[in-house]
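Below you'll find the structure, written out as structure tokens, and then a few comments.
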Amino acid sequence: MFSLRVNGVQHQVECESATPLLYVLRNDLGLTAAKFGCGLGLCGSCNVLIDGRPAHSCDTPVWSVADKDITTLEGLGDETQPHPLQTAFIAEQALQCGYCTAGMIVTAAALLERRPDVTDAEVRTELAGNLCRCGVHNRVVRAVLSAAQCCPEMNTGR
Amino acid sequence: MADLSPSLTANPNPEVWISPAAEHTIHVRTGKVELGQGALTALAQIVADGLRVRIERVRMIPASTDGSPNEGYTAGSLSIQHSGAALRAVAAAWHACLLDTASAAFGVTDSLVVEDGVVTHDGRTFTYWDLPADAQPEVGATSPVEYAVVGTSVGRLDIPGRVFGTRRYLQDMRLPDQLFGRVLRPPSRGARLLNVDDTRVRALPGVVTVVHDGDFVGLVADREDVAVRALELLAADCAWKREPSLPDQHDLAGYLRAAPAERAVLVDQGPESDAPPSVEVSFSRPYLAHASIGTACAIAEWHGGRLRVWSHSQGIYQLRAELARWFDIQPDQVVVTHVEGAGCYGHNGADDAAGDAALLAAAVPGRPVHVVWSRQDELGWAPFGPAMAVTVRVTVDDAGRPSHWTHEIWSNGHSGRPASAGSPPLLAAILQAGDTDPVPSTEPPLNRGGGSARNAVPGYRVPNVQVVTNRLATMPLRTSALRSLGAHLNVYAVEAVMDQLAVNADTDPVAYRLALLDDPRGRAVIEAVAEAANWGVGGQVPDTGRGIGYARYKNLGAYCAVVADVEVTSRVTVTRLTIAVDVGLTVNPDGVRNQIEGGAIQALSWTTTEQVRFDAHDVTSRTWEDYPIATFPDVPPIETVIVDRPDLPSLGAGETSLGPTAAAIGNAVRDALGATIHDLPLTAENLMRSL
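Chains as they are written, first to last, in our numbering: chain A, 1 to 158; chain B, 1001 to 1691.
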């Protein structure tokens, strides 16, 4: 039995201690925004924030996050209270299939928290580990820069 | 009725397509599916304008074989051309039906108008939702529609749900009593299963069953993480017989040219030249992976001899036919419903995953089984875009213009889709049958765009043209349709040769092309891209180059020209792309830009970086480290100019930019290095080989 704090809510989960956090989020907690992409921490589509820092939930065992704050895309904002990045991704239509989007937004949210005046090149470097096959890279960069400009104070891990 | 969409000819009942529904909404059923390309939003725009309703009322119903029109595959950049034309005609029929019925109800012959689905006269109203159940819209000639929503960049209807994480992908779908299946692929191509000892795996808590049938091995568990862990254990408990079966990756072009093949002369226009060719150049590309960020996925459930499948297939009716054929049941005992998966760029593992799920689910009747492929299987076992070799021979006249052009191709077939004539079975069926030498993939006919010969015919004024294909008779690695099919290498080759001819004629590449291009729409995109990129302005900077690529997709679709700027050091870096495109009437300009730019980035990745690697036994590029794709720092600024043609029919955008982008990058590298690069990708090794 593991006790997890996800998006500010405490959950009890029964599973093997080595179970990757991704499967717990998706199957036990019904939080399906983070996606399975590679299982090896190489594509970023499973990214969540652990104590505010982006992490690959596909290769993070659940035992290692028992006392940490976990934030998924669902925890950043919703339709009534969107995170500035979510607003910007919609405004820039910064996706095609959207499978990589959750990982991109949480990774960018941590970046903006750390570097509110981020540059184009910094966004590209920071997101280099987030793969996209549809080819929306430039739209994503525009969305991140516009979110940075509109809202200097971000609300990561609310 | 002239010019009826083939989709409508096949599904003539208007109520199959569009029907007024509860809460003043309009239900739209199309056989085309959302692959991440935004097609459903563009189709909703067409319906909104045709019916004169706000787009917010339009609901696009997911395609399913128990109610949606059969429109074949969502492929070939034909969704807007086929489904759009059908929906435009059906919407016009409903609009006319509403006006006629309202006129009769009001007893007037005045010209009435529909506003947001409502006809108003003398304080009385009549709406689509007031039409009697037996109202019969008659599809006929469509009168021109005043566009309100078409032509505008309506935000995609599905994007908010994806950005908030609330829209469920097939990977996210969970049904009551659902189980989780995983499949163990053989450790090499053509390996035969000798023995399975499943006692350890069956003893694991949570494992429901283990399935082995021929060379097909898989398991079903009650938790996804248990299924993944159990599969590792099962792999260790299987014994296989392996034989080397794959060609030498380092001489792939040599293999393709020498392998047994079926030769076909597809175009034979004018005599071949007696004179030796002025230019003879050979090109090649490796196998390419679809490399979607999400892996293949499916759900299947058996219930009393009936099969229910949820799939991200591009062709739900074809998948249904294939499943029915395999399990020897009637097609109407199978229902296939489309649920969105990750981005789809051609015939990937979606259909195969449905086969896996169906075979596993047969072991647990009444329980849905959800199958997700591993990354290693996605990059190793999904069909690949075929490796290709091309040789172009051109004879020029006294003015340096091509008089004879021969384009010969060696390749496996580009279509291995289910239920097409002579097509290979689903992967699970191949393994179940222990078939180590499956039927090789086939080729779509050239008049529908062709497969390996797509865009092999140069789009320029050349009096004598021969196009010859050599379709391989064996298939060491499964191949099928990958975005733009043969156009990727053919446009690269044609445009590289055009550049050589321009250099030989001491003429600017843009001027040389324009002098040989009669089609005004083709000329317009070349002129537009040259102007946007300031072609011909400024001198050469060391280690940099600039090139142009042009094609009309399939020689009958959209027009696209690209200018690439590159920097060549120990590697090729694309520093800028400028694109001009003509897709006829632009339904959604931002959607077109997204598709054109996305295609360009994918082509950049293929052309500069990607190659499937393999040894004598198996594919070795199974993770993102072995099969890298372009990442954020690799993606240059892109400017796209749309040459809008509001008076001309819409043409598909999705596959248009790939060939011209590859060609522009190749020609930019030639500009930088002074030599045509023959083999893709444009790695340092392949650059050195051509220098």
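Ideal placement from N, C-alpha and C gives every residue a C-beta, glycine not left out.
Cβ pair residue i, residue j closer than 9 Å
i	j	result
Val1369 (chain B)	Ala1528 (chain B)	no
Val1390 (chain B)	Ser1278 (chain B)	no
Met1388 (chain B)	Leu1604 (chain B)	no
Ile1055 (chain B)	Val1154 (chain B)	yes
Ala1630 (chain B)	Ile1601 (chain B)	yes
Trp1094 (chain B)	Gly1050 (chain B)	yes
Gly1341 (chain B)	Cys58 (chain A)	no
Ile1046 (chain B)	Gly1084 (chain B)	yes
Val62 (chain A)	Leu21 (chain A)	yes
Val1335 (chain B)	Arg1320 (chain B)	yes
Gly1599 (chain B)	Ser1480 (chain B)	no
Val1364 (chain B)	Arg1182 (chain B)	no
Gly1254 (chain B)	His1347 (chain B)	no
Gly1449 (chain B)	Val1491 (chain B)	no
Pro1440 (chain B)	Gln1318 (chain B)	no
Met1173 (chain B)	Ile1299 (chain B)	yes
With 16 other Cβ atoms within 10 Å as the buried cut-off, status of residue i
i	result
Leu1302 (chain B)	Looking at the sequence provided, one finds Trp at residue 1302 (chain B) rather than Leu. Buried: at least 16 other Cβ atoms inside 10 Å.
Ala1672 (chain B)	buried
Gln1136 (chain B)	exposed
Val1113 (chain B)	exposed
Gln994 (chain B)	Absent from the structure is residue 994 (chain B), since the part of chain B shown begins at 1001 and ends at 1691.
Asp1158 (chain B)	buried
Asp1377 (chain B)	buried
Thr1109 (chain B)	exposed
Cys1560 (chain B)	buried
Arg1613 (chain B)	exposed
Ala1091 (chain B)	buried
His1250 (chain B)	exposed
Met104 (chain A)	buried
Asp1134 (chain B)	exposed
Val1537 (chain B)	exposed
Gly1545 (chain B)	buried
Asn1447 (chain B)	exposed
Gly1123 (chain B)	exposed
Cutoff 9 Å: residue i Cβ touching any chain A Cβ
i	result
Glu1655 (chain B)	no
Tyr1553 (chain B)	no
Gly1076 (chain B)	no
Pro1286 (chain B)	no
Tyr1550 (chain B)	no
Leu1673 (chain B)	no
Leu1157 (chain B)	no
Gln1045 (chain B)	no
Ser1621 (chain B)	no
Leu1079 (chain B)	The sequence given here has Ser at residue 1079 (chain B), not Leu. It does not; no Cβ of chain A falls within 9 Å.
Val1224 (chain B)	A small correction: the amino acid at residue 1224 (chain B) is Glu; Val does not occupy that position in the sequence shown. Chain A, which has a Cβ nearer than 9 Å to the Cβ of Glu1224 (chain B), makes this yes.
Cutoff 9 Å: residue i Cβ touching any chain B Cβ
i	result
Ser45 (chain A)	yes
His56 (chain A)	no
Phe2 (chain A)	no
Ala33 (chain A)	yes
Val24 (chain A)	yes
Pro82 (chain A)	yes
Ala102 (chain A)	yes
Gly157 (chain A)	For Gly157 (chain A), the predicted model reports a pLDDT of 42, less than 50, meaning its position is unreliable; a value from the coordinates is still stated below. Closer than 9 Å: no.
Whole-angstrom C-beta distance between residue j and residue i, which should lie under 8 Å
i	j	result
Val106 (chain A)	Leu127 (chain A)	At roughly 11 Å, the Cβ-Cβ gap does not stay under 8 Å, so Val106 (chain A) and Leu127 (chain A) are not in contact.
Gly1547 (chain B)	Arg1670 (chain B)	6 Å
Ala1663 (chain B)	Glu1531 (chain B)	That pair is no contact at about 19 Å.
Ser1411 (chain B)	Pro1386 (chain B)	5 Å
Phe1632 (chain B)	His11 (chain A)	With a Cβ gap of about 33 Å, Phe1632 (chain B) and His11 (chain A) do not count as contacting.
Arg1513 (chain B)	Tyr1460 (chain B)	7 Å
Asp1237 (chain B)	Arg1200 (chain B)	6 Å
His1290 (chain B)	Leu1482 (chain B)	6 Å
Val1583 (chain B)	Ala1653 (chain B)	5 Å
Closer than 8 Å: residue i CB and nearest the ligand ATP heavy atom
i	result
Leu111 (chain A)	Absence of the ligand ATP is noted for the structure shown, with no ligands found whatsoever.
Item to complete: Specify whether the stretch 1238–1258 of chain B and the stretch 1183–1192 of chain B touch according to this definition: at least 3 beta carbon pairs, one from each stretch, less than 8 Å apart.
Response: yes
Item to complete: Please confirm if the stretch 1393–1412 of chain B is in contact with the stretch 1156–1170 of chain B, defined as three or more CB-CB distances below 8 Å between the two stretches.
Response: no
Discussion item. Does the structure place the stretch 99–118 of chain A close enough to the stretch 1288–1306 of chain B that three or more beta carbon pairs sit under 8 Å?
Written reply: yes
Discussion item. Across the stretch 1210–1229 of chain B and the stretch 1451–1467 of chain B, are there enough close Cβ pairs to call them in contact, namely three or more that are closer than 8 Å?
Written reply: no
Worksheet item: Between the stretch 1054–1070 of chain B and the stretch 1003–1014 of chain B, do at least 3 Cβ pairs fall closer than 8 Å?
Response: yes
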